[in-house]
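K.L.:
The structure's right below; bear with me while I get my questions together.
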Amino acid sequence: MPTRSDFTAPTNPGGVSGLNRMTEAKLWRNPCPFAFRLNNLALHYNTACYDWVQQTEGLSRIEYVVIYSLALCEGGQARDIAQSSGFPKNSLSRAIAGLEKSGLIVRRRDPADGRSQALYLTEAGQALFQRTLPAFERREREMLNGLSADEQCRLSNLLAKVVLNCTPLSGELPNESSPNESSSEPGASNPRRPTGSERA
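Last residue of the sequence shown: 201 (our numbering), numbering continuous.
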């Protein structure tokens, strides 16, 4: 893989900063290095933070995602949280019901749509968010310690551009990326993913 610096492709055969061989291969000898490095960073962030929330507050990851989402954007609906987090709606529905029963969130009729119910944090839910947020902020600072303030700003701007570029992308891979297409025999038909109307 082409390299630009020791940071992008270290040559030390003994590994990098104590990483095991498999992790090093995925992060430095990978045809898709950018996506896998983002996944690795998310793993280091999410595992530590959500395990801590589970231990200190007794909330599952999906329950805390609901709390965090409503703290940032009050009055959201379950579908908004599903779209922004990737969790399935049925799992979110159970989490929301549990949080409502615990007195951490409340449902109110959406003023913009009388047929819908918006979700809000209660005082207890807001207090929980305020006492847990510092741990999430501290973890992010720890992960960025190796970058200067200018580098952090540039990284943030670049990631924002990537996010905006990904926004219009669908969940389907393009046809030319199908793993079966290049290996199929002449005349053979490639299986395709059924559309929503074709699923049982």
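Using N, Cα and C, we set each Cβ at its ideal position, and we do this for glycine too. Owing to the predicted nature of the structure, the values given are computational and were not obtained by experimental measurement.
1) How would you label Glu152, buried or exposed, when you count the other beta carbons within 10 angstroms and need 16 or more for buried?
2) Give the single residue among Gly59, Phe35, Trp29 whose Cα lies nearest to the Cα of Thr133.
3) Nearest to Val67 by alpha carbon, out of Gln84, Thr57, Trp53?
4) Are the CB atoms of Tyr121 and Leu71 within a distance shorter than 8 Å?
5) Looking at Leu100 and Ala79, is the spacing between their C-beta atoms short of 8 Å?
6) Going by DSSP, what residue range makes up the beta strand (DSSP E) through Ala119?
7) One question on the structure: do Ser149 and Ala96 come within less than 8 Å of each other, judged by their Cβ atoms?
8) Under three-state DSSP, which class holds Arg110?
9) My understanding is that Pro145 touches Gly126, with C-beta atoms under 8 Å, so please give their C-beta distance in whole angstroms.
P.N.:
Well, looking at it:
1) The residue is exposed, with fewer than 16 neighbouring Cβ atoms inside 10 Å.
2) Answer by Cα proximity: Gly59.
3) Measuring from the Cα of Val67, the nearest candidate turns out to be Gln84.
4) Their beta carbons are under 8 Å apart, which means Leu71 touches Tyr121 by this criterion.
5) Not closer than 8 Å, so no.
6) Unbroken beta strand (DSSP E) run through Ala119: 118 to 122.
7) For Ser149 and Ala96, no; Cβs fall outside 8 Å.
8) In this structure, Arg110 counts as strand in the three-state DSSP scheme.
9) Before going further, note that residue 145 is Leu rather than Pro in the sequence given. In fact, because the Cβ distance is near 28 Å, the residues do not count as touching under 8 Å.
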